[in-house]
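Reviewing the structure listed below.
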Amino acid sequence: MGQQGELQGKIALVTGAAGGIGQAVVEKLAAKGAMVALADMSADLAENLAQDIHEKGGQAVALPGNLTDKAYCDGLVAATLKALGGLDIVINNAGLMRRGNITEASDEDFALSMAVNVEAPFRLIRSAIPVMADRGGGTIVNTASCWGVYPGPDHLVYCTSKAAIAAMTRCLGRDHAHQNIRVNAVCPNEVNTPMLRTGFAIRGLDPDSAIADLNATVPLGHIAEPQEIADVVLFLASDHSRYMCGALVEVNGGKPVY
Ligand SMILES: NC(=O)c1ccc[n+]([C@@H]2O[C@H](COP(=O)([O-])OP(=O)(O)OC[C@H]3O[C@@H](n4cnc5c(N)ncnc54)[C@H](O)[C@@H]3O)[C@@H](O)[C@H]2O)c1
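Going by numbering that gives the first Met the number 0, the sequence shown opens with residue 0, and the numbers climb by one from there.
Below, the structure is given as structure tokens:
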């Protein structure tokens, strides 16, 4: 893994590294030669993933913690510099989804969703920009959602938080292009990950049959697998997207938000 890849020598920080999409992103970054800092609140999963990457010949370090902890968040870039010696790529992938319309949303739903989906990327990017500017540039990929671009039904807090990270991405893409820092976002529709599956389980549905039903609604025939999103994240993190700044890239298998 990673000996002669096109991201050889690049240093990446990935949040939500142990989740469905995060893990796929980490594996692809490492396979292309990047050294990867793994941020996730699941310390065990992050450590296991780092170990797995090492066993495949790649380089990764686990930096576990909770992104609602402002001090942890503000220190992640410095921790990456200390552990890996630089920072070229930030993937703001961690996120959570709370269901419901506005009358069903609690203060906690709103505060937690905004803290993880919006404030954490704000804090990480704020500390990453000066480091990247000093190094002559970098790339940042945020994870918005198709539901942050179009209003999906009965997910008021989630859609609002994803619209905020989409707007942040467009602002940053404009503000920091002159420093050769490119900021873009991937906007998936449904993806086959623990986030989606646990959502079905909470509602008393069998995840496998619920996903089979969802697959039938997608023109390409199936909801996204994490690797199909990770490939787009890698594109946005790499020089292949070198003229893109502030783009919101929808990855939806042809399925619109209803
Ligand atoms: N799955 C989908 O259908 C879908 C669709 C569109 C966008 N997204 C977005 O993709 C991203 C990844 O989602 P996923 O489907 O892989 O979800 P996931 O639940 O599999 O992974 C999310 C990861 O984020 C971590 N995380 C959550 N809160 C955290 C916190 N406070 N501190 C540190 N880590 C925390 C979790 O531990 C987990 O490993 C999210 O931003 C999500 O909103 C997902």
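Glycine residues also receive a C-beta, built at the ideal position from the N, C-alpha and C atoms.
All values derive from a computational prediction rather than experimental measurement.
Simplified DSSP state of A49, which is helix, strand or coil
In the structure shown, A49 sits in a helix (DSSP, three-state: H, G or I).
Return helix, strand or coil for G1, following the three-state DSSP convention.
Low per-residue confidence applies at G1: pLDDT is 46, beneath 50, and the placement is therefore not dependable enough to give any value.
Are there any heavy atoms of ligand 1 lying less than 7 angstroms away from the beta-carbon of K251, as far as the coordinates show?
In the sequence as displayed, the identity of residue 251 is Asn instead of Lys. Between ligand 1 and the CB of N251, the shortest heavy atom gap is not smaller than 7 angstroms.
Distance check for G253 and G245, CA to CA, integer angstroms please.
Between G245 and G253, the C-alpha separation is close to 22 angstroms.
Identify whether L6 lies in helix, strand or coil by the three-state DSSP scheme.
If DSSP states are grouped into helix, strand and coil, L6 belongs with coil.
For G15, which residues from the same chain have a beta carbon less than 7 angstroms from its beta carbon, with the 5 sequence-adjacent residues on both sides left out?
Counting only Cβ-Cβ distances below 7 angstroms, and skipping sequence neighbours, we find G21, D39, N92, A93 and G94.
Beta carbon of R97 nearer than 8 angstroms to that of D108:
Yes, Cβ-Cβ distance for R97 and D108 is below 8 angstroms.
Given that a residue counts as buried once 16 or more other Cβ atoms are within 10 Å of its Cβ, and exposed if not, what is E26?
Residue burial annotation: E26 is buried, with at least 16 other C-beta atoms found within 10 angstroms of its C-beta.
Where R97 sits in the DSSP three-state scheme:
DSSP, read as helix, strand or coil, puts R97 in coil.
Helix, strand or coil for V117? Go by DSSP, reduced to three states.
Three-state DSSP puts V117 in a helix.
For a test of your reading of the model: does the CB of E107 fall under 7 angstroms from any non-hydrogen atom of ligand 1? Yes or no.
E107: no, Cβ never under 7 angstroms from ligand 1.
Examine the Cβ distances between the region 34–50 and the region 59–68 and report whether three or more of them are shorter than 8 angstroms.
Contact holds: three or more Cβ-Cβ distances are below 8 angstroms.
Specify, as a first and last residue, the run of the beta strand (DSSP E) that R181 falls within.
Residues I180 to P187.
Distance CB(A143)-CB(L247) smaller than 8 angstroms
Yes; because the gap between Cβ atoms is below 8 angstroms, this pair is in contact.
L102: CB within 7 angstroms of a non-hydrogen atom of ligand 1
Per the sequence shown, residue 102 should be read as Thr rather than Leu. No, the Cβ of T102 stays beyond 7 angstroms of every heavy atom of ligand 1.
So what's L235 in DSSP terms, helix, strand or just coil?
The answer is helix: DSSP assigns L235 an H, G or I state.
Does DSSP put M34 in a helix, a strand or coil?
It is a strand residue.
Who does I90 pair with in a DSSP beta bridge?
According to DSSP, I90 bridges with V13 and V140.
Mind checking whether L213 and I201 have CB atoms under 8 angstroms apart?
No. Outside cutoff.
Where do the N-terminal and C-terminal ends of the beta strand (DSSP E) with A61 fall, by residue?
That run of the beta strand (DSSP E) goes Q58 to A61.
Is S208 buried or exposed, if buried means 16 or more other CB atoms sit within 10 Å of its CB?
That one is exposed.
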